[in-house]
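A.B. asks: Note that the working numbering has the sequence shown beginning at 1330, numbered continuously upward.
Backbone N, C-alpha and C fix where the C-beta goes; we use that ideal spot for every residue, glycine too.
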Amino acid sequence: MKNLRKKFIASAVMLGCAFFAVGAAAALSEKNNSAAIPAAITSFKEDLPVIILDAGHGGFDGGCTSAEGVPEKGINLNILLRLRDILTVSGYNVQVTRDTDRSIHDDGIEGIAKQKSSDMDNRLALFNSSSNAVCISIHQNQFTDPIYHGAQMFYSSSNKRSEALAQSLQSQFRKLQPDNSREIKLCGKELFLCYFSENPTVMVECGFLSNPEEAALLNTEDYQEKVALTIFSGINDFIQNKNNR
1330 MKNLRKKFIA
1340 SAVMLGCAFF
1350 AVGAAAALSE
1360 KNNSAAIPAA
1370 ITSFKEDLPV
1380 IILDAGHGGF
1390 DGGCTSAEGV
1400 PEKGINLNIL
1410 LRLRDILTVS
1420 GYNVQVTRDT
1430 DRSIHDDGIE
1440 GIAKQKSSDM
1450 DNRLALFNSS
1460 SNAVCISIHQ
1470 NQFTDPIYHG
1480 AQMFYSSSNK
1490 RSEALAQSLQ
1500 SQFRKLQPDN
1510 SREIKLCGKE
1520 LFLCYFSENP
1530 TVMVECGFLS
1540 NPEEAALLNT
1550 EDYQEKVALT
1560 IFSGINDFIQ
1570 NKNNR
């Protein structure tokens, strides 16, 4: 009886996520009065890539913080979990670097610097574990001047398709953020995970926690869901474009 109940709950959750993805896509498109976002449920049956998601930071590493002291690590994770659900019900095989608030460094390593190095090595190993993957690292931005806002994509030079992935994602964010005029940027070695990934890879800076208005939005479940759907739409758009495969 307990097993049947678990199966029923799991099925209901998955079905609910599917309806959420379809409904949210339509609502977001209508709200922004823009071109329709790609269908939430993938309509093609070709061999799909593995989608590998990374929630930046975690555990002892909180990342940047808002003026109210909210660390980005939790916002990153919340967006990842929503995005994972949408991608899963849409037929994608999804892997994640973390699904809880933790560092993924190897056991037995002591010292923050060594733990951080191990953590990043393990994230990179997952990004490079498949020859047919699309990799997304979710982060929040910060700057000394609080006037700056808007999502921006940083892409890897190690794979020629990364730029197209970044452009697809940036285009979708302009629907969520109509005043976003930011351009995609090539990442440097300082963005270790993005730079050394061998697959199409983009670091998604969803917004600026140093901007009070944007930080307040990013800390809400409603906006986190919209960001997750926006990233999904960008991934879907990239994959459905045969020229990017």
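1. Could you give the first and the last residue of the continuous alpha helix (DSSP H) run that contains Gln1506?
2. Residue range of the beta strand (DSSP E) that Tyr1484 falls in?
3. Let me check understanding here. Comparing Cα to Cα, which of Glu1397, Asp1436, Lys1402 lies closest to His1386?
4. Rounded to whole angstroms, what is the Cα-Cα separation between Ala1396 and Asn1540?
5. Going along the chain, which residues of its own chain have a beta-carbon closer than 7 Å to the beta-carbon of Asn1509, five neighbours each way excluded?
6. Kindly provide the ranges of any alpha helix (DSSP H) runs that are 4 or more residues long and lie completely inside the segment 1377–1463, ordered along the chain.
7. Have a look at Val1379 and Ile1415 and give me their C-alpha separation to the nearest angstrom.
8. I'd like to confirm the pairing. Which residues does DSSP put opposite His1478 in its beta bridges?
9. To the nearest angstrom, how far is the alpha carbon of Phe1483 from that of Glu1439?
10. Helix, strand or coil for Cys1535, going by three-state DSSP, please let me know.
11. Measure the alpha-carbon distance for Lys1555 versus Ser1486 and round it to whole angstroms.
12. What do you get for Glu1543, buried or exposed, if any count of 16 or more other CB atoms within 10 angstroms of its CB means buried?
13. On the DSSP bridge assignment, give the partners of Thr1530 in chain order.
14. Note down, in chain order, each residue of its chain lying with its Cβ closer than 6 Å to the Cβ of Gln1499, except the 5 sequence neighbours on either side.
15. With burial defined as no fewer than 16 other Cβ atoms inside 10 Å of the residue's Cβ, what is the status of Glu1534: buried or exposed?
16. Which residue from Phe1525, Glu1550, Phe1567, Leu1522 puts its Cα closest to that of Arg1411?
17. Just grab the DSSP bridge partners of Lys1514 for me.
18. Rounded to a whole number of angstroms, what is the C-alpha to C-alpha distance between Thr1417 and Asn1528?
19. Near Ala1557, what residues of its chain come up, given a Cβ to Cβ distance below 7 Å and the 5 sequence neighbours on each side ignored?
20. Since I believe Thr1426 is in contact with Leu1455 (beta carbons under 8 Å), could you give me their beta-carbon distance rounded to a whole number of angstroms?
21. Using a beta-carbon distance below 7 Å, is Asp1436 in contact with chain D?
22. Which residue from Asp1474, Ile1381, Met1449 puts its Cα closest to that of Ser1459?
23. So, Ser1432 versus Gln1444, is the Cβ gap smaller than 7 Å?
C.D. replies: According to the structure data:
1. Numbered from its first residue, the sequence shown carries residue 1506 at position 177. First-last for Gln1506: undefined, no H or E at that position.
2. As a first step, residue 1484 must be located in the sequence shown, where it is residue number 155. Tyr1484 -> beta strand (DSSP E) spans 1481–1484.
3. The residue you call residue 1386 lines up with position 57 of the sequence shown. His1386 has its Cα closest to that of Lys1402, out of Glu1397, Asp1436, Lys1402.
4. Your numbering for residue 1396 matches position 67 in the sequence shown. Your numbering for residue 1540 matches position 211 in the sequence shown. For Ala1396 and Asn1540, the gap between their C-alpha atoms comes out near 8 Å.
5. Residue 1509 sits at position 180 when you count from the first residue of the sequence shown. Gly1479, Ala1480, Phe1502, Arg1503.
6. Residue ranges of uninterrupted alpha helix (DSSP H) with 4 or more members, entirely inside the segment 1377–1463 and ordered along the chain, are 1401–1418, 1441–1456.
7. Start at 1 with the first residue of the sequence shown, and residue 1379 comes out as number 50. Start at 1 with the first residue of the sequence shown, and residue 1415 comes out as number 86. Spanning the two alpha carbons is a distance of roughly 14 Å.
8. What you label residue 1478 is simply residue 149 of the sequence shown in a count that begins at 1. For His1478, DSSP assigns no beta-bridge partner whatsoever.
9. In the sequence shown, residue 1483 corresponds to position 154, counting from 1. In the sequence shown, residue 1439 corresponds to position 110, counting from 1. Roughly 31 Å separates the two Cα atoms.
10. What you label residue 1535 is simply residue 206 of the sequence shown in a count that begins at 1. If DSSP states are grouped into helix, strand and coil, Cys1535 belongs with the strands.
11. Residue numbering aside, residue 1555 sits at position 226 when the sequence shown is read from its first letter. Residue numbering aside, residue 1486 sits at position 157 when the sequence shown is read from its first letter. Whole-angstrom Cα-Cα distance: 28 Å.
12. Against the sequence shown, residue 1543 aligns to sequence position 214. Under the 10 Å beta carbon count, Glu1543 is surrounded by 16 or more other beta carbons and is classified as buried.
13. Your numbering for residue 1530 matches position 201 in the sequence shown. Paired residue(s): Cys1464.
14. One-based indexing of the sequence shown puts residue 1499 at position 170. Excluding sequence neighbours, Gln1499 sits near Met1482, Ile1513.
15. In the sequence shown, counting from the first residue as 1, residue 1534 sits at position 205. Buried.
16. As a working mapping, residue 1411 is identified with position 82 in the sequence shown. Comparing alpha-carbon positions, the option among Phe1525, Glu1550, Phe1567, Leu1522 lying closest to Arg1411 turns out to be Glu1550.
17. To locate residue 1514, count along the sequence shown from 1; it is residue 185. Paired residue(s): Phe1483.
18. If you number the sequence shown from 1, residue 1417 lands on position 88. If you number the sequence shown from 1, residue 1528 lands on position 199. Rounded to the nearest whole angstrom, the C-alpha separation of Thr1417 and Asn1528 is 20 Å.
19. Here the question's residue 1557 lines up with position 228 in the sequence shown. Closer than 7 Å at Cβ, skipping near neighbours: Ile1408, Arg1411, Leu1412, Ile1415.
20. As a working note, residue 1455 is residue 126 in the sequence shown. As a working note, residue 1426 is residue 97 in the sequence shown. Contact holds; Cβ gap of about 6 Å.
21. Any reference to chain D falls outside this structure, which holds one protein chain only.
22. As a working note, residue 1459 is residue 130 in the sequence shown. When each option's Cα is compared against that of Ser1459, the closest is Ile1381.
23. In the sequence shown, residue 1432 corresponds to position 103, counting from 1. In the sequence shown, residue 1444 corresponds to position 115, counting from 1. Ser1432 places its beta carbon less than 7 Å from that of Gln1444.
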